[in-house]
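Residue numbers (the working numbering): 99 to 415.
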């Protein structure tokens with residue numbers, strides 16, 4: 099693993115934070131960190147967990163990355179990140195050519211409502227392969243509901259902190275998925291974010307749903323830039339099966355509306371008192387996309403089967 103300047107800065111920054119020292123970082127540190135993680139195929143949570151819980155020194159960190167991803171992958175990532183980092187015009191890069199895969203009707207719906215449901219974006223077999231990874235990792239047997247609620251350190255709320263398997267990567271690299279995001283971002287200069295999985299079993303006496311509060315995944319201390327968030331339904335998700343809920347059209351008034359609040363917490367409190375969300379049911383293989391200024395949340399699963407999802411998003415280079 100090549101010791102580029104940012105790799106050292108990334109490691110040293112988090113080692114200082116580990117002991118409670120928040121030293122100033124470049125203004126674009128968070129953005130470069132995201133790009134760096136994506137080029138090296140690393141999930142943010144798994145990387146932070148290693149750095150803050152297990153890492154002994156810089157060499158140990160580099161060895162961990164190589165062991166996780168393989169030497170050949172890391173060498174290629176070194177080259178890609180260095181090429182991107184050394185490009186002085188990357189902020190003004192030509193968006194390039196990208197296919198217009200969304201229909202005029204879909205674009206209009208997106209602009210008006212701030213979300214889209216793309217039917218059958220991924221075929222059943224690939225969805226089944228990813229869902230199988232969740233079941234294996236959490237030791238779930240669909241024929242035995244008692245196994246649906248077993249505690250596991252990587253099952254946190256409804257998130258599954260699993261990032262590294264071939265089935266997930268195949269979906270991330272699927273060309274039509276990339277093209278959809280490119281159409282919405284209006285550029286082909288994108289890199290896939292290494293995101294997690296989701297598991298939401300039916301509510302029962304031993305497990306209650308506690309994660310349905312509408313929210314934004316944004317930081318009001320920084321400029322709120324346009325981003326597209328997404329989840330892939332890995333099985334059929336009816337209205338009572340724990341689908342995503344969101345507030346259509348809120349993005350159109352977000353910029354002015356948010357100015358009255360001094361914190362995200364206060365904005366959340368006010369928004370939850372006034373806004374009525376809509377549940378976005380779907381079928382296996384449906385891709386649900388929404389703007390980052392759309393309030394959203396999961397919903398309780400009151401069906402007879404668990405809900406499985408893969409989170410999908412891209413970052414602009």
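Here a beta-carbon is modelled for each residue, glycine too, at the ideal position from N, C-alpha and C.
By the three-class DSSP mapping on this structure, what secondary structure does residue i have?
i, result
"residue 359", "coil"
"residue 211", "helix"
"residue 338", "coil"
"residue 295", "strand"
"residue 260", "coil"
"residue 91", "Only positions 99 to 415 of the chain appear in the structure, and residue 91 is not among them; the question remains open."
"residue 374", "coil"
"residue 305", "strand"
"residue 326", "strand"
Assuming residue i and residue j make a contact with CB atoms under 8 Å, what is their CB distance in whole Å?
i, j, result
"residue 409", "residue 293", "4 Å"
"residue 220", "residue 330", "6 Å"
"residue 134", "residue 104", "6 Å"
"residue 404", "residue 314", "Not quite, the Cβ-Cβ distance comes to about 26 Å (not below 8 Å), so this is no contact."
"residue 295", "residue 407", "7 Å"
"residue 379", "residue 256", "Not a contact, Cβ separation roughly 17 Å."
"residue 362", "residue 318", "5 Å"
"residue 399", "residue 301", "6 Å"
Does the Cβ of residue i have 16 or more other Cβ atoms within 10 Å, making it buried, or fewer, making it exposed?
i, result
"residue 152", "exposed"
"residue 320", "exposed"
"residue 414", "buried"
"residue 364", "exposed"
"residue 244", "exposed"
"residue 185", "exposed"
"residue 328", "buried"
"residue 120", "exposed"
"residue 173", "exposed"
"residue 270", "buried"
So, residue i versus residue j, is the Cβ gap smaller than 9 Å?
i, j, result
"residue 298", "residue 347", "no"
"residue 312", "residue 366", "yes"
"residue 344", "residue 376", "yes"
"residue 385", "residue 200", "no"
"residue 225", "residue 291", "no"
"residue 326", "residue 390", "yes"
"residue 263", "residue 248", "no"
"residue 387", "residue 232", "no"
"residue 137", "residue 178", "yes"
"residue 149", "residue 109", "yes"
"residue 197", "residue 280", "yes"
"residue 286", "residue 195", "yes"
"residue 159", "residue 139", "no"
"residue 230", "residue 265", "yes"
"residue 350", "residue 131", "no"
"residue 147", "residue 276", "no"
For residue i, list the residues DSSP reports as bridge partners.
i, result
"residue 113", "Answer is none; residue 113 lacks a bridge partner."
"residue 216", "385"
"residue 412", "290"
"residue 254", "257"
"residue 406", "297"
"residue 146", "None, per the DSSP bridge assignment."
"residue 240", "DSSP output for residue 240 lists no bridge partner at all."
"residue 395", "343"
"residue 331", "407"
Would you say the beta carbon of residue i comes nearer than 8 Å to a heavy atom of the ligand COA?
i, result
"residue 302", "Ligands are entirely absent from the displayed structure, and the ligand COA is therefore not among its contents."
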